[in-house]
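First up is the structure itself, then whatever we jot down about it.
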Amino acid sequence: MSESRVTYVTRKTAETEINCSLNLDGDGVYWVTTGAPFFDHMLQQFAKHASFDMELTGRGDLAVDGHHTAEDAGLCLGQALKKALGEKAGITRYGQAIIPMDDALVMAAVDLSGRGYLAFDVPMPATRIGDFDTEVVEEFMRALATNGEFNLHIRLLNGKNTHHIIEAVFKALARSLKMAVARDGSDGVPSTKGTLEG
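Under our numbering, the first residue of the sequence shown is numbered 2, with each subsequent residue one higher.
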């Protein structure tokens, strides 16, 4: 398998405008700007640790809250991931990671099954980090898994500092996806059904 796994997705609504380009076989080069600095930092961590080249830019109704921006960023990134993977021939399919960040310890597991599902068991000690509403992390993950059509399980194993917890969440997601999208040297789709389209 040598075909390019690069794609571009855009979404424009009355609430947001998001543009996302993604290269699954990159070096972790990123350009991220959504207008929400903490969220940008988490997306940068994601791109770096997944080794994806990613450009994600957006404008949203942040004066209302960050919900729409985070959700639509997840939606676009999920669609870009699905599009870049194509028929998913020759990929590992599964990925998992347990990532520490000081006091925080987070587990993530991914199955690129063609079925969107999120199990998110990550209690947040604080509801905000500066202007960032920590509740939108789950909404981002749900939009990502649903639109990327993959199973995503994320669980907090330990942690008290909300910043550390969220950073470990994004890094665990990144490492899991890096493993799952990796080419395994085969030509076939990793499923007895012969397809990973739901």
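Note that beta-carbon positions come from the ideal geometry of N, C-alpha and C, so glycine has one too.
Secondary structure at Pro101, three-state DSSP: helix, strand or coil?
strand
Measuring alpha carbon to alpha carbon, tell me which of Asn159, Ala181 and Leu78 ends up nearest Met102. Asn159
Find the nearest neighbour of Ala15 within the set Asn24, Thr128, His42 and Arg60, judged by alpha-carbon distance. Arg60
Notebook entry, point to check: If you compare alpha carbons, which of Lys172, Leu86 and Gly91 is closest to Asn148?
Noted result: Leu86
| Helix, strand or coil at Ile89 according to DSSP, with G and I counted as helix | Checking the sequence, you will find Lys at residue 89 rather than Ile. Lys89: coil per DSSP, three-state reduction.
Q | Arg60, DSSP secondary structure in three states | A | strand
Between Ala105 and Asn162, which are expected to be in contact by the criterion C-beta below 8 Å, what is the C-beta distance as a whole number of angstroms? 6 Å
key: Coarse secondary structure for Asp28, derived from DSSP in three states   = coil
Going straight from the alpha carbon of Tyr95 to that of Arg6, what length do you get? 18 Å
- With DSSP run on the structure shown, which of helix, strand or coil describes Gly133? The identity of residue 133 in the sequence shown is Phe, whereas the question assumes Gly. Phe133 falls in the strand class under three-state DSSP.
* To do: Consult DSSP for Phe40 and reduce its assignment to one of helix, strand or coil.
  => helix
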